[in-house]
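Reviewing the structure listed below.
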Amino acid sequence: MLNRTRLLAVARKEALQLRRDPRSLILSFVLPVLLLVFFGYAITWDVTDIRTAVVDLDGTARARELVDAFHASGRFSIVARLERTADIGPLLDRGRIRIALVIPRGFAADLGTGRVAQLQAIVDGSDANTATIALGYTQAIAQQFSARILFQTRRVQLPVSAESRVWYNEELASRNMIVPGLVAVIMMIIAGMLTSLTIAREWERGTMEQLASTPVSRAEVVLGKLLPYLAIGLVDVALCSLLGVLLFGVPFRGNAFFLMGASFAFLTGALGLGMFISAVARTQLLATQIGMIATFLPAFLLSGFMFSIDNMPLPLRVLTYFVPARYFLVVTRGVFLKGVGPDVLWIQGLLMIAFAVAGLTLAVRAFHKEIS
Amino acid sequence: MPGPRLERVREMVRKELLQVFRDSRLKRMVFLAPIFQLLAFGYAVSTDVRRTSTFVVDQDHTRASRDLTDTFVASGYFRIVGRSDRPRDMVEALDHGRAIVGLHLPRGFSRDAARNNARMQIVFDGTNSNTATVARVNAERIVQIYALRLGGLEGHPPLELRDRAWFNPELRSRDYNVPAVMGAIMLILSLILTSLAVVREREIGTLEQLMVSPLQPRELVIGKTAPFALICLGDLLVIAAVAILWFRVPFHGNFLLLVLAGVLYLLSTLGLGLLISTVSNTQQEAVLTSFLVIMPTMLLSGFMFPVSSMPEVFQWLTLLNPLRHFLEIVRAIFLKGAGLDALWPQYAALLAMGTGVLGFAATRFRKTIA
Numbered sequence: 075m076l077n078r079t080r081l082l083a084v085a086r087k088e089a090l091q092l093r094r095d096p097r098s099l100i101l102s103f104v105l106p107v108l109l110l111v112f113f114g115y116a117i118t119w120d121v122t123d124i125r126t127a128v129v130d131l132d133g134t135a136r137a138r139e140l141v142d143a144f145h146a147s148g149r150f151s152i153v154a155r156l157e158r159t160a161d162i163g164p165l166l167d168r169g170r171i172r173i174a175l176v177i178p179r180g181f182a183a184d185l186g187t188g189r190v191a192q193l194q195a196i197v198d199g200s201d202a203n204t205a206t207i208a209l210g211y212t213q214a215i216a217q218q219f220s221a222r223i224l225f226q227t228r229r230v231q232l233p234v235s236a237e238s239r240v241w242y243n244e245e246l247a248s249r250n251m252i253v254p255g256l257v258a259v260i261m262m263i264i265a266g267m268l269t270s271l272t273i274a275r276e277w278e279r280g281t282m283e284q285l286a287s288t289p290v291s292r293a294e295v296v297l298g299k300l301l302p303y304l305a306i307g308l309v310d311v312a313l314c315s316l317l318g319v320l321l322f323g324v325p326f327r328g329n330a331f332f333l334m335g336a337s338f339a340f341l342t343g344a345l346g347l348g349m350f351i352s353a354v355a356r357t358q359l360l361a362t363q364i365g366m367i368a369t370f371l372p373a374f375l376l377s378g379f380m381f382s383i384d385n386m387p388l389p390l391r392v393l394t395y396f397v398p399a400r401y402f403l404v405v406t407r408g409v410f411l412k413g414v415g416p417d418v419l420w421i422q423g424l425l426m427i428a429f430a431v432a433g434l435t436l437a438v439r440a441f442h443k444e445i446s
Numbered sequence: 015m016p017g018p019r020l021e022r023v024r025e026m027v028r029k030e031l032l033q034v035f036r037d038s039r040l041k042r043m044v045f046l047a048p049i050f051q052l053l054a055f056g057y058a059v060s061t062d063v064r065r066t067s068t069f070v071v072d073q074d075h076t077r078a079s080r081d082l083t084d085t086f087v088a089s090g091y092f093r094i095v096g097r098s099d100r101p102r103d104m105v106e107a108l109d110h111g112r113a114i115v116g117l118h119l120p121r122g123f124s125r126d127a128a129r130n131n132a133r134m135q136i137v138f139d140g141t142n143s144n145t146a147t148v149a150r151v152n153a154e155r156i157v158q159i160y161a162l163r164l165g166g167l168e169g170h171p172p173l174e175l176r177d178r179a180w181f182n183p184e185l186r187s188r189d190y191n192v193p194a195v196m197g198a199i200m201l202i203l204s205l206i207l208t209s210l211a212v213v214r215e216r217e218i219g220t221l222e223q224l225m226v227s228p229l230q231p232r233e234l235v236i237g238k239t240a241p242f243a244l245i246c247l248g249d250l251l252v253i254a255a256v257a258i259l260w261f262r263v264p265f266h267g268n269f270l271l272l273v274l275a276g277v278l279y280l281l282s283t284l285g286l287g288l289l290i291s292t293v294s295n296t297q298q299e300a301v302l303t304s305f306l307v308i309m310p311t312m313l314l315s316g317f318m319f320p321v322s323s324m325p326e327v328f329q330w331l332t333l334l335n336p337l338r339h340f341l342e343i344v345r346a347i348f349l350k351g352a353g354l355d356a357l358w359p360q361y362a363a364l365l366a367m368g369t370g371v372l373g374f375a376a377t378r379f380r381k382t383i384a
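First to last, the sequence lines map onto chains A and B. Take any residue in the first sequence, count from 1 to its spot, add 74: that is its number in the working numbering. Take any residue in the second sequence, count from 1 to its spot, add 14: that is its number in the working numbering.
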């Protein structure tokens, strides 16, 4: 049975230990802010200022019009104008340019006579992601140009036109996708790196026997140890959300209480998992290593945080269903960007609660084995 | 002062390696961590956009509208996850995250198409900005091709784009990501193993024993770094082999140059590990500090996020990051087959940083144990 005095005593002891360990505190409060600033400000997948070389072999007004269209898009910064296609190679080799656009001789003549004119794009494919997006922008500009030419030369309007709209993240900024996800990742760091040490530390220092000889029950130990980290985690969620919204303008369209509730459940599960690892591993070194592999990395890689689950091969897609961060991420993004609430996210909410129960049970049971 | 004695160093290297390999769990870490990361980066970390889940609202119910959705499916970029004739269902599918793209073909679509002014709406879930950007370009292209065909233009727009990707013709993100894993793994292992090896001795009190032994500080430094350098180089070989043989990443460069880059890179990372050991008293502190160093080093290296998209201040900052230079070398050797003529600045940077960091670390290390 849980005794409140004993529970709080364990929590106080753990909090004291944490307070005396500046590095854990840095990890708890400085790292989240650091990550947020990195992702909010410096690190992005948005492709802008694509360094471009232009080889205009046609030299007509039409060709210049096309180059201007690239320039006007704001995505391409033209850093070189070359006379010969042979000059492209060295620039690509050295990484000076990302893409080269070649307008062949006869370009304007082809357009004028209704033949298919060609624009060649040579892209540095080594960074496939950036290359795909750069080619995408190129394609889009070529298409707009095509439609304009059709209209100008033949008075033909395309029978169908598409009106594209982007919802939830209207400016398509990777910042808006990453900041809500960071909340989940940071919690997994706390669970994987900090909690996984707590029980292993007692074993290594030999204080576990002392703890076992006190009247404290194992549920009290587990819950007591969990409380300070729970507090840290919730403060981090609030901190990240506030900074993300105020400093980086990430939209927050949902209900803050629902987010905190889901965070509470998710955090409880993650911390329980961390403690379970700690109890099983017994040494701090091994505990952190397992913690990294079992909690932090899946949250980072398999949750859809940055890499779309749709693109993964089937076995990995199946695996993602066992990564709780995956569901939590749906909640944070739903609340931040989509402004949806429990009516849409109730499945995820229930899964978070199930995760919390499972994490706590695992931690208490593993701890039991150790003492006996 | 006499130089380092070979047999004493050799004994210490042997002892350190024994300690790592006797600890079966530690041993597993040394080998499992690279494999796990390789699998993740080979399979999970794909930024290619295919089979995007799409919800179709077709209020027109004509052949033209069905043709258009078929064109979307046939492209391979989209897969239909649901159909309805109420726009509300599309909103719900996007809200729930069941679909990322919504196609809305309004009533009268084919009638308007005959009069050359049909409009359709495509909605994208921008939550994943990357996927949405690529999906949008694909969708708009498909609509244009469809429109040209419908207009009797046989799918030929007046301007056609011929694109070609150098160095990675199929634009597989795997080819870019998998070789880079060696940089990340070597960073993680050399930081954690080196700092722990010293701190563990400090914790269990055997560092004093080492100090009273005839080992000189310099020998101690070598003895505490060389074994992990060997392990890391072993991992480099394993990762290169898996990348080339299993993931079929092309290798166009010189293998010895790759190993040389690895050695120069290790100077910096081992130096960092040693530095961490001088400021840590417990294993826990060492692991946490390593983690605090590893995170920003990886994020600001171009490992997953391109340096060229960072603000200029940060781009300059990354020049101080050994991982950035090492990754540039690795990727250029694998994909471009580049040699020293193109890569010498990176090699020089690694050499300068490595000797600087390791030298500084060794001095500090000697002070803390003296």
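C-beta: ideal position from N, C-alpha, C; glycine also. Predicted model only: the values in this text are computed from it and were never measured.
At a cut-off of 9 Å between beta carbons, A127 (chain A) makes no contact with chain B. Inclusion of F326 (chain A) and S315 (chain A) in the CB contact set at 9 Å is warranted, their separation being smaller than that value. Around V296 (chain A), the same chain offers G346, M349, L434, A437, V438, F441 as residues with beta carbons nearer than 8 Å, after the five sequence neighbours per side are excluded.
Three or more Cβ pairs drawn from the region 350-359 of chain A and the region 270-280 of chain A lie within less than 8 Å of each other, which places the two stretches in contact. Ranked by how close their Cα comes to the Cα of G188 (chain A), the residues A:P178, A:L224, A:V197 have A:L224 in first place.
Residues of chain A whose Cβ lies closer than 9 Å to the Cβ of P183 (chain B) are, in chain order, G199. Under DSSP, M134 (chain B) forms a beta bridge with A:A236. V129 (chain A) has A:L156, A:V176 as its beta-bridge partners, per DSSP. For A194 (chain B), the secondary structure class from DSSP, reduced to helix, strand or coil, is coil.
One Cα belongs to N144 (chain B), the other to Y279 (chain B), and the distance between them is close to 32 Å. Sequence-distant Cβ neighbours of G316 (chain B) in its own chain, meaning closer than 6 Å and more than five residues away, are R338, L341.
DSSP, read as helix, strand or coil, puts F379 (chain A) in coil. With the criterion set as a beta carbon lying under 8 Å from some beta carbon of chain A, the members of the region 141-162 of chain B are T141, N142, S143, N144, T145, A146, T147, V148, R150, V151, N152, A153, E154, R155, V157, Q158, Y160, A161, L162, in sequence order.
For the pair D109 (chain B) and V324 (chain A), the Cα-to-Cα distance works out to about 18 Å.
DSSP places E174 (chain B) in the strand class (E or B) of the three-state scheme.
Taking a 10 Å sphere around the C-beta of Q226 (chain A), we find fewer than 16 other C-beta atoms and assign the residue as exposed. For S294 (chain B), there is no enclosing beta strand (DSSP E), as DSSP gives it neither H nor E. From the beta-carbon of E237 (chain A), the residues of chain B found nearer than 8 Å are R133, M134, Q135, I136. Looking only at A:T272, A:I383, A:I171, A:M426, the smallest Cα-Cα distance to Q91 (chain A) is reached by A:T272.
Nearest CB-CB separation between D95 (chain A) and chain B: below the 9 Å threshold. Only those residues of the region 47-76 of chain B whose C-beta falls short of 9 Å from the nearest C-beta of chain A are listed: A47, F50, Q51, L53, A54, F55, Y57, A58, V59, S60, T61, D62, V63, R64, R65, T66, S67. Every unbroken stretch of the alpha helix (DSSP H) spanning 4 or more residues and falling wholly within the region 393-430 of chain A is given here in chain order: 398-407.
Within the region 105-120 of chain A, those residues whose Cβ lies closer than 9 Å to any Cβ of chain B are, in chain order, L105, L108, L109, F112, F113, Y115, A116, I117, T118, W119, D120. Boundaries of the alpha helix (DSSP H) harbouring A78 (chain B): 77-88, taken from the DSSP string. Under the 9 Å criterion on CB atoms, I223 (chain A) is classed as interfacial with respect to chain B. With three or more CB-CB distances shorter than 8 Å, the region 175-193 of chain A counts as touching the region 124-141 of chain A. A distance below 9 Å separates the beta carbons of Q158 (chain B) and A236 (chain A). At a cut-off of 9 Å between beta carbons, F86 (chain B) makes no contact with chain A. Counted as a single uninterrupted DSSP element, the alpha helix (DSSP H) harbouring S270 (chain A) occupies residues 270-279.
Here the alpha carbons of A153 (chain B) and L117 (chain B) stand approximately 10 Å from one another.
In this structure N243 (chain A) is buried. Its beta-carbon is surrounded by 16 or more other beta-carbon atoms within 10 angstroms. Boundaries of the alpha helix (DSSP H) harbouring Q218 (chain A): 202-228, taken from the DSSP string. At a cut-off of 9 Å between beta-carbon atoms, D167 (chain A) makes contact with chain B. DSSP places H339 (chain B) outside any beta strand (DSSP E); the residue lies instead in the alpha helix (DSSP H), whose first and last residues are 336-345.
Rounded to the nearest whole angstrom, the CA to CA distance from L165 (chain A) to I196 (chain A) is 11 Å. If you check the CB distance, I245 (chain B) and L31 (chain B) come in under 9 Å.
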